[in-house]
Amino acid sequence: MKKLVENELILKPIRFRDKAQWDAVRSVNRDWLSPWEATRPNIDSKSPLPSYYGMVMQLNREIRAVRSIALGIWLKENRNEILIGQITLGGIIFGAMRGAHIGYWIDQRFANQGYTTRSVKLLTKFGFDSLKLHRIEINLRPENEASKQVAIKAGYELEGARKNYLHIAGDWRNHITFVKENPAVK
Numbered sequence: 011m012k013k014l015v016e017n018e019l020i021l022k023p024i025r026f027r028d029k030a031q032w033d034a035v036r037s038v039n040r041d042w043l044s045p046w047e048a049t050r051p052n053i054d055s056k057s058p059l060p061s062y063y064g065m066v067m068q069l070n071r072e073i074r075a076v077r078s079i080a081l082g083i084w085l086k087e088n089r090n091e092i093l094i095g096q097i098t099l100g101g102i103i104f105g106a107m108r109g110a111h112i113g114y115w116i117d118q119r120f121a122n123q124g125y126t127t128r129s130v131k132l133l134t135k136f137g138f139d140s141l142k143l144h145r146i147e148i149n150l151r152p153e154n155e156a157s158k159q160v161a162i163k164a165g166y167e168l169e170g171a172r173k174n175y176l177h178i179a180g181d182w183r184n185h186i187t188f189v190k191e192n193p194a195v196k
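Numbering (our numbering), first residue to last: 11 to 196.
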């Protein structure tokens, strides 16, 4: 996977050399992201999280296997690229389902400027056009109004609710599911 580009917006895999930028963005946004971030239930919390380098190696393995495509969200300014978030097309399933889900986070300094919505649209187009997926979901907490607006503006429709769906911020949380289907896949 090389990269997806729309004007100044670039989606591309995170590399080892991006560690300083990734660490800086994650550090500045720790409090902003923590209410929405996936956590591990107690049953999984004994094994340590991977290092940054371990994370990048795992993300690359998942991309090569076409199971999950995690990309940094970058803005090109002059000759520089600035990391402003991350987006993942995960849980990719082919065969009779041909589906996946999208998750994302954005640097608070770049929130409410359309970058997340544009990133979702770009990755959805890739999933539909290149992977020929039939259905992509966005699952989000009902109280996350900003994320709800991203899903709606990206053309996703509310499908329903999922009780205790994901472990977020230390507990099992209810989610609502937005869906977009690919009319070209019959």
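No residue lacks a Cβ here, since even glycine has one placed at the ideal position from N, Cα and C. Small disclaimer: the values here were computed from a predicted structure and weren't measured.
Same chain only: Cβ atoms within 6 Å of residue 80, ignoring 5 sequence neighbours per side: 69, 98
For residue 92, which residues in the same chain have their Cβ closer than 7 Å to its Cβ, ignoring the five residues on either side in sequence? 84, 85
Is there contact here, the stretch 155-164 with the stretch 24-33, by at least three beta-carbon pairs under 8 Å? Touching, no.
Residue 179 by DSSP, collapsed to three states: which one? Of the three classes helix, strand and coil, the one that applies to residue 179 here is coil, per DSSP.
Go to residue 149, then tell me how far its beta strand (DSSP E) extends in each direction, as first and last residue. 145-150
Compute the distance between the beta-carbons of residue 82 and residue 117, then report whether it is under 8 Å. The Cβ-Cβ distance between residue 82 and residue 117 does not fall below 8 Å.
CB of residue 120 within 8 Å of CB of residue 94, strictly: yes
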